[in-house]
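Residue numbers (the numbering used here), protein chains in the order written: chain A, 40 to 159; chain B, 8 to 121.
No residue lacks a Cβ here, since even glycine has one placed at the ideal position from N, Cα and C.
For clarity, every value in this text was computed on a predicted model and none was experimentally measured.
What follows is a set of notes on a single structure, which appears directly below.
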Amino acid sequence: GAVVSQHPSRVICKSGTSVKIECRSLDFQATTMFWYRQFPKQSLMLMATSNEGSKATYEQGVEKDKFLINHASLTLSTLTVTSAHPEDSSFYICSASRALSGGLSTDTQYFGPGTRLTVL
Amino acid sequence: AQSVTQLDSHVSVSEGTPVLLRCNYSSSYSPSLFWYVQHPNKGLQLLLKYTSAATLVKGINGFEAEFKKSETSFHLTKPSAHMSDAAEYFCVVSDRTGRRALTFGSGTRLQVQP
Numbered sequence: 040g041a042v043v044s045q046h047p048s049r050v051i052c053k054s055g056t057s058v059k060i061e062c063r064s065l066d067f068q069a070t071t072m073f074w075y076r077q078f079p080k081q082s083l084m085l086m087a088t089s090n091e092g093s094k095a096t097y098e099q100g101v102e103k104d105k106f107l108i109n110h111a112s113l114t115l116s117t118l119t120v121t122s123a124h125p126e127d128s129s130f131y132i133c134s135a136s137r138a139l140s141g142g143l144s145t146d147t148q149y150f151g152p153g154t155r156l157t158v159l
Numbered sequence: 008a009q010s011v012t013q014l015d016s017h018v019s020v021s022e023g024t025p026v027l028l029r030c031n032y033s034s035s036y037s038p039s040l041f042w043y044v045q046h047p048n049k050g051l052q053l054l055l056k057y058t059s060a061a062t063l064v065k066g067i068n069g070f071e072a073e074f075k076k077s078e079t080s081f082h083l084t085k086p087s088a089h090m091s092d093a094a095e096y097f098c099v100v101s102d103r104t105g106r107r108a109l110t111f112g113s114g115t116r117l118q119v120q121p
């Protein structure tokens, strides 16, 4: 159990276009989903936290108008990179925490396989 | 505030020998601690988790970690390395409050020699 999928796994786009990445919890409901960015040979950097039905919370330095996050249901969150530029090229990883009663979630995060974005 | 320090950026062992990946943490709260493994171009897989129950935590694939509060350490071990263990390993701390954000260590790349 606790499987998280991401789609697409790899995307190449032209500079100036927008790219949407989907993150789905396949066998559990996720109150909270997280979006991370990972540069080559580096650790994960948290970009934002999204809760179902509410606005995402962005980390300092992350442009919320550039990285649009929508968490429309308990199993789906999307990250849209708007007007992508080459410096946005990176490995984007989502994670999800299993929902508990009372709107809480566990602190164990289950990670998706990641999306490799290349902006030409 | 919380932080994680992985003391080795790279560890190389021979197949069949023990593995030790070191991690020290700092947290204002009683933390949850995790070890995740990442194979190349893949997402992260949870190896094990500590949440204030038993201090010796057993995980998947023969890995285990011991929580030592006095040393603020959470080192990952395995008695006998396998070639398939070669990957990047992350020590992670959760503050167990609010939005449950994770703080990642910088990672340790484990190389297993035949």
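- Look at B:E95 here: in three-state DSSP terms it is strand.
- Within chain A, the residues placing a beta-carbon under 8 Å from that of B:N48 are F130, G153, R155, ordered along the chain.
- Sequence-distant partners of A:E98 (beyond 5 residues in either direction) whose C-beta falls short of 7 Å from its own C-beta, in its chain, are L85, M86, A87.
- Closest by C-alpha distance to A:S48, out of A:T147, A:S129, A:N90, is A:S129.
- For B:G114, at least one C-beta of chain A is nearer than 8 Å to its own C-beta.
- Of the other Cβ atoms in all chains shown, fewer than 16 fall within 10 Å of the Cβ of B:I67; this residue is therefore exposed.
- When B:N48, B:K49, B:G50, B:K65 are compared, the shortest CA-CA separation from B:K56 is found for B:K65.
- At a cut-off of 8 Å between beta carbons, A:S82 contacts chain B.
- In this chain, the beta strand (DSSP E) harbouring A:A111 covers 106 to 112.
- Interface with chain A (8 Å Cβ-Cβ cutoff): B:L51 is included.
- DSSP places B:H82 in the uninterrupted beta strand (DSSP E) bounded by 80 to 85.
- A:D146 carries a strand assignment under DSSP once its states are collapsed to helix, strand and coil.
- The alpha carbon of A:Y149 has as its nearest neighbour, out of A:T70, A:I51, A:K53, A:I60, the alpha carbon of A:T70.
- Just measuring C-alpha positions, the residue of A:E61, A:A135, A:Q77 sitting nearest A:D127 is A:Q77.
- For A:F130, the uninterrupted beta strand (DSSP E) segment begins and ends at 129 to 138.
- For B:F111, the enclosing beta strand (DSSP E) starts and ends at 109 to 111.
- Assigned with DSSP and collapsed to three states, B:N68 falls in helix.
- Only residues of its own chain outside the window of five on either side were considered, and among them V44, Q45, H46, L117 have a CB closer than 7 Å to the CB of B:A94, listed in chain order.
- The shortest C-alpha to C-alpha distance from A:T117 to any of A:Q45, A:P79, A:S136 is the one to A:Q45.
- In chain order, H46, T117 place their CB closer than 6 Å to the CB of A:E61, counting only its own chain and leaving out the 5 sequence neighbours on each side.
- For A:T88, a Cβ of chain B is located within less than 8 Å of the residue's own Cβ.
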